[in-house]
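J.:
Protein chains: 2
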Amino acid sequence: MLDFEHKFDAKIGKKAKESIKKSFSALQKERSSGKIGYYNLPENGFSLLEEVEKYKKTNEYLKENLIKDIVVIGIGGSSLGTKAVYELLKDQTKTDKKLYFLENVDPLDITRTLKKINKNRAMFIVISKSGSTIETTSIFKYIMEKYKLSFKSKSDMQRVVAITDNGSALSMLAEKNSIKQFNIPLNVGGRFSVLSAVGIVPLALANFDVNSLLKGAMAYVNSFFEGKENRLLEKAYFYSKVAKQYPINVMFTYSTLFTYFNQWYVQLWAESLGKIDKIGNSVGLTPIHLIGSVDQHSFLQLIIQGPKNKTVTVIKIEDFKKPIKVPKLNLDFLDKVDYINGHKFNTLLNAECDATYETIIDENIPADCITLDKITPENIGSLILYYELLTSAVGQFFEINTYDQPGVEFGKVKLVKKFTK
Amino acid sequence: MLDFEHKFDAKIGKKAKESIKKSFSALQKERSSGKIGYYNLPENGFSLLEEVEKYKKTNEYLKENLIKDIVVIGIGGSSLGTKAVYELLKDQTKTDKKLYFLENVDPLDITRTLKKINKNRAMFIVISKSGSTIETTSIFKYIMEKYKLSFKSKSDMQRVVAITDNGSALSMLAEKNSIKQFNIPLNVGGRFSVLSAVGIVPLALANFDVNSLLKGAMAYVNSFFEGKENRLLEKAYFYSKVAKQYPINVMFTYSTLFTYFNQWYVQLWAESLGKIDKIGNSVGLTPIHLIGSVDQHSFLQLIIQGPKNKTVTVIKIEDFKKPIKVPKLNLDFLDKVDYINGHKFNTLLNAECDATYETIIDENIPADCITLDKITPENIGSLILYYELLTSAVGQFFEINTYDQPGVEFGKVKLVKKFTK
């Protein structure tokens, strides 16, 4: 269960209501026209999941349970969402498999990660929507050479999976070399793809409860399109209206396990909303990700006393289902902090969360709080959809193309020139 | 060796030069008056290091080399700097010891971290400048109970080290219970304390080359106070002058190993500069930390096409000393990316760095580039001092107290009330 509390003055008058209605229709149209595909990923995920389960029974390594290390080779949208879900749910998942992520072409990072992998028990999942991402293909080539995997060996190719657009270069390579492939719908962009094969396949191969993740996501997207999530649209409207005064959006999550989820949000938000709008203005909102209580000891100072240019969303987990307590131990000279003795760490963390939230509100900083009753696959599925829909809605109010990324391409052109001139 | 290249128009006219001169004098005065102590940490670190080496020979577990897991219990300034240096240098350090960090009171995070630790080979370093940080003392109590450590056992207390201000509650507790303590100079704030006992002790216990780290730091601070680092002051001047137009400072580092270093910078920058100035205005600059090439696939879009409200610092490592290459493997259908074949990953990553930097400059976004010839303890020491001095200099131009954190205290008061009302 998720709860949404808003402590900002959204001033939802007649004009706002009309604007919100228009935005909602536009999102409905995006969905029904089939132009934007992520809305339907939860629903379509169930049959994909069946396909993965079938694959587990036919792949010679998987059916004998020989695979322990699942190595995801992908960057940006091809890794961040999966990493986020993996970190959140791995402790509550019964699995003998670990996921590893090769994202960066940093040679120290590649070496460090590969040290942890046992080649003989590893499966490699190469993920590139376009099929020719330079980081991904380069690391894949390196893996092929390092582990002496041959395209000519049917057995070797049973340890490689490709996830890519149908018809891409990587897709054709897979086709020709008997590599199992799963496809990303063409109408789903990388940063919106976590509930496509991109996330579903690695997570399902590692026995994560993808079914519940999809259920939670589907419940939220249905609820939204049934018109029951007005607060999301009000928040999006507010954010777009105050974008000049509040150009920075802080996500302050009270659990270390959300570290990568927060990063996933940053990617989604930054790349989707930082655009030139249809009359040529640069628009966008700058996302910041913080973890409580750690970042209370640093960034909170800037939020409270620095320029009032930030909105803050606090994410709180009500019940961590981990009843460890601060012992009733009275330490000499430290009686000042004895008030916490006997309380759960859960209670302390949430009291810190509440104290921070109240302090922020006292300073008239626009804030809202999302509460998860607990960390479950369903709740994480819903939260993913919440943020994707929020991003789309703000994009509608900004009147931009939320789904492209022309700015990123400039750098790519320069890169190719450096090697081919 | 570090190189600093600025691609912004700092317009250093007569007025600017005077202002810079004034700021430089003020920083000199801060140092010589003994009011602010971090300037002298590198120099004083060598004798501290000797003390640690002596301690290694007297502690019953250390001298027998029985300790493999060094567990740092600390939050914010008491952990982030150490974590940063640890991650950067651990691969090049000959050690049989690992550092672990218990920062957050998140019960899932505590449980996850403690699963990796073997009690019998562990040493616990409790770090709190004030001596009564609620997160740190609570986790310490939990450790005491979980591992059945007794204050009455001299042997148990040989496995605990306290790092705190002289005279703090934790200091008195250590004194009474025969716990070895190292002190943080009273004139050094938490976020400026990485080169005090806070960082030196855990890193030296794990056999890191702290000597070279200190040397690099000392070289830089001396060079600065000899007046040889004018570019730093020019950058600080520029940042303070354009703070309204460019309220956000992005650090875009091209190496995954800098992940925690970047976070350390964010803490330092946000908590030091987000202040109310002497005429009552909220000032401050908002730091963002990015890792290349990963974040090219996300945040770069916002930098390039979003609002022009950001300055960017690119950090580049010239030589990763890891000659792994993209194999000369021509993959069917993927000939488009064959241009990279045979090149080092080092070359690819740096070409991506250059391409990003050039793209940013093309868009007239104020940018500068810091180049490290390689990741060495000396260079990291210098870079730490560079950022600390830059922070102090911007604080001077803002006319704020760079070293306090009143905003953080508001939340603390609320927290205590929740438990003691």
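Just so you know, the protein sequences line up as chains E and X, in that order. The first sequence runs 10 to 430 under this note's numbering. The second sequence runs 10 to 430 under this note's numbering. In this text, a Cβ means the ideal position worked out from N, Cα and C, and glycines have one as well.
1. Could you tell me whether the stretch 421-428 of chain E touches the stretch 223-238 of chain X, where touching means 3 or more Cβ pairs closer than 8 Å?
2. Could you confirm whether any beta carbon from chain E is found closer than 9 Å to the beta carbon of Ser264/X?
3. Using a C-beta to C-beta distance shorter than 7 Å, which residues of chain C count as neighbours of Leu358/X?
4. Any idea which residues DSSP pairs Tyr109/X with across the strands?
5. Just verifying my parser: in three-state terms, what is the DSSP assignment at Glu14/E?
6. Taking Cβ-Cβ distances shorter than 7 Å, what residues in chain E pair up with Glu455/X?
7. Does the contact criterion of 3 or more C-beta pairs under 8 Å hold for the stretch 53-61 of chain X versus the stretch 263-282 of chain E?
8. Of all the alpha helix (DSSP H) runs that stay within the bounds of the stretch 273-334 of chain X, which reach a length of 4 or more residues?
9. Using a Cβ-Cβ distance cut-off of 9 Å, determine whether His352/E contacts chain X.
10. Thr380/X lies in the beta strand (DSSP E); which residues open and close that run?
11. Within the same chain, show all residues whose beta-carbon is closer than 6 Å to that of Ile324/E, passing over the 5 residues directly before and after it, in chain order.
12. Looking only at C-alpha atoms, which of Gln254/E, Tyr366/E and Phe354/E sits nearest to Val321/E?
13. Return the residues of the stretch 333-352 of chain E that lie within a Cβ-Cβ distance of less than 7 Å from chain X, sorted by chain order.
14. Would you please verify whether the beta carbon of Met181/X is less than 9 Å from any beta carbon of chain E?
15. Would you say His15/X lies against chain E (beta-carbon separation less than 9 Å)?
16. Cutting at 8 Å between CB atoms, please list the residues of its own chain near Asn3/X, excluding the five before and the five after it.
17. Under 8 Å, with one C-beta from each stretch per pair, do the stretch 282-292 of chain X and the stretch 236-244 of chain X reach the 3-pair mark?
18. Looking at the C-beta of Gln190/X, does it have a partner C-beta in chain E at a distance below 9 Å?
19. Which residues does DSSP pair with Ser137/X in a beta bridge?
20. Which partner residues of Lys189/X appear in the DSSP bridge assignment?
21. Run through the DSSP bridge pairs and tell me what Val259/X is partnered with.
22. Is there contact between the stretch 123-140 of chain E and the stretch 307-315 of chain E, where contact requires at least three CB pairs shorter than 8 Å?
23. For Arg40/X versus Leu75/X, is the C-beta spacing smaller than 9 Å?
24. Using the DSSP secondary-structure output, state which residues sit across from Met6/X in a beta bridge.
25. Using a cut-off of 8 Å between C-beta atoms, extract the partners of Gln314/E located in chain X.
26. Any chance you could list the alpha helix (DSSP H) runs of at least 4 consecutive residues sitting entirely within the stretch 347-377 of chain E, in chain order?
27. Leaving out five residues before and five after Lys224/X in sequence, what residues of the same chain have Cβ atoms less than 7 Å from its Cβ?
28. Does any CB atom of chain X fall closer than 9 Å to the CB of Gln254/E?
29. If I follow the unbroken alpha helix (DSSP H) through Val94/E, where does it start and stop?
30. What do you reckon, are the CB atoms on Leu179/X and Gln167/X nearer than 9 Å?
31. Taking Lys383/X as the reference, which of Lys161/X, Ala279/X and Phe329/X has the closest Cα?
32. Might you give, ordered along the chain, the residues of its own chain that have their beta carbon closer than 8 Å to the beta carbon of Ile148/E, omitting 5 neighbours on each side?
33. Based on the DSSP secondary-structure assignment, which residues constitute the bridge partners of Met132/X?
34. Cα-Cα, which of Tyr229/E, Gly420/E, Pro375/E and Ile209/E is closest to Glu60/E?
35. Could you name the residues of chain X that Asp174/E contacts, counting a contact when the two beta carbons are closer than 7 Å?
36. Examine the Cβ distances between the stretch 248-264 of chain X and the stretch 291-310 of chain X and report whether three or more of them are shorter than 8 Å.
T.: Here's the rundown:
1. no
2. Counting from one through the second sequence, the residue named residue 264/X turns up at place 255. True, the Cβ-Cβ gap to chain E drops below 9 Å.
3. Among the chains of the structure shown, chain C does not appear; the protein chains present are E and X.
4. Position 100 of the second sequence, counted from the first residue, corresponds to residue 109/X. According to DSSP, Tyr109/X bridges with Val80/X.
5. Against the first sequence, residue 14/E aligns to sequence position 5. Looking at Glu14/E - three-state DSSP - the assignment turns out to be strand.
6. Residue 455/X is absent from the structure shown; chain X starts at 10 and stops at 430.
7. no
8. Taken in chain order, the whole alpha helix (DSSP H) runs of length 4 or more contained in the stretch 273-334 of chain X are 308-314.
9. Numbered from 1 along the first sequence, position 343 holds the residue referred to as residue 352/E. At least one chain X Cβ lies under 9 Å of His352/E.
10. On the second sequence, residue 380/X is found 371 positions in, with the first residue counted as 1. Residues Ala376 to Leu381.
11. Residue mapping note: residue 324/E aligns to position 315 of the first sequence, counting from 1. Closer than 6 Å at Cβ, skipping near neighbours: Thr262 and Ile379.
12. Taking the first residue of the first sequence as position 1, residue 321/E is located at position 312. Among Gln254/E, Tyr366/E and Phe354/E, the Cα nearest to that of Val321/E belongs to Tyr366/E.
13. Ile333, Val335, Pro336, Leu338, Leu340, Asp341, Phe342, Leu343, Lys345, Val346, Tyr348 and Ile349
14. As a first step, residue 181/X is located in the second sequence; it is residue number 172 there, counting from the start. By this cut-off, Met181/X is an interface position.
15. On the second sequence, position 6 is the one that residue 15/X refers to. With 9 Å as the cut-off, His15/X does not count as an interface residue toward chain E.
16. Here chain X has residues from 10 to 430 only, and residue 3/X is not among them.
17. no
18. As a first step, residue 190/X is located in the second sequence; it is residue number 181 there, counting from the start. By the rule that beta-carbons nearer than 9 Å mark a contact, Gln190/X does not touch chain E.
19. Counted from its first residue, the second sequence places residue 137/X at position 128. DSSP lists Thr173/X as partners of Ser137/X.
20. Counting from 1 along the second sequence, the entry for residue 189/X is found at position 180. Val170/X.
21. The residue given as residue 259/X occupies position 250 in the second sequence. Looking at the DSSP assignment, Val259/X forms a beta bridge with Ile297/X and Val321/X.
22. no
23. For this step, residue 40/X is matched to residue 31 along the second sequence. For this step, residue 75/X is matched to residue 66 along the second sequence. The answer is no: Cβ separation not under 9 Å.
24. Given a span of 10 to 430 for chain X in the structure shown, any question on residue 6/X remains unanswerable.
25. Working through the first sequence from its first residue, we reach residue 314/E at position 305. What Gln314/E touches in chain X: Gly283, Lys284, Ile285, Ser291, Gly293, Pro415 and Gly416.
26. 354-371
27. As a first step, residue 224/X must be located in the second sequence, where it is residue number 215. For Lys224/X, the CB contacts under 7 Å within the same chain, skipping 5 residues up- and downstream, are Glu387 and Gly390 in chain order.
28. The sequence position of residue 254/E within the first sequence is 245, counting from 1. Closer than 9 Å: no.
29. Position 85 of the first sequence holds residue 94/E. Segment Leu89 to Leu98, the alpha helix (DSSP H) holding Val94/E.
30. Residue mapping note: residue 179/X aligns to position 170 of the second sequence, counting from 1. Residue mapping note: residue 167/X aligns to position 158 of the second sequence, counting from 1. Cβ distance not < 9 Å, so Leu179/X and Gln167/X don't count as in contact.
31. Against the second sequence, residue 383/X aligns to sequence position 374. When each option's Cα is compared against that of Lys383/X, the closest is Phe329/X.
32. Mapped onto the first sequence, residue 148/E falls at position 139. Counting only residues of its own chain and dropping the five nearest sequence neighbours on each side, Ile148/E has a CB closer than 8 Å to the CB of Ile82, Leu111, Val114 and Ile119.
33. Along the second sequence, one-based indexing puts residue 132/X at 123. Note: Met132/X sits in a beta bridge opposite Ile79/X.
34. For the purposes of this step, residue 60/E is taken as residue 51 along the first sequence, with counting starting at 1. Comparing Cα-Cα distances from Glu60/E to each of Tyr229/E, Gly420/E, Pro375/E and Ile209/E, the minimum goes to Ile209/E.
35. Numbered from its first residue, the first sequence carries residue 174/E at position 165. Under the 7 Å cutoff, chain X gives no residues; its nearest Cβ is about 13 Å from Asp174/E.
36. yes
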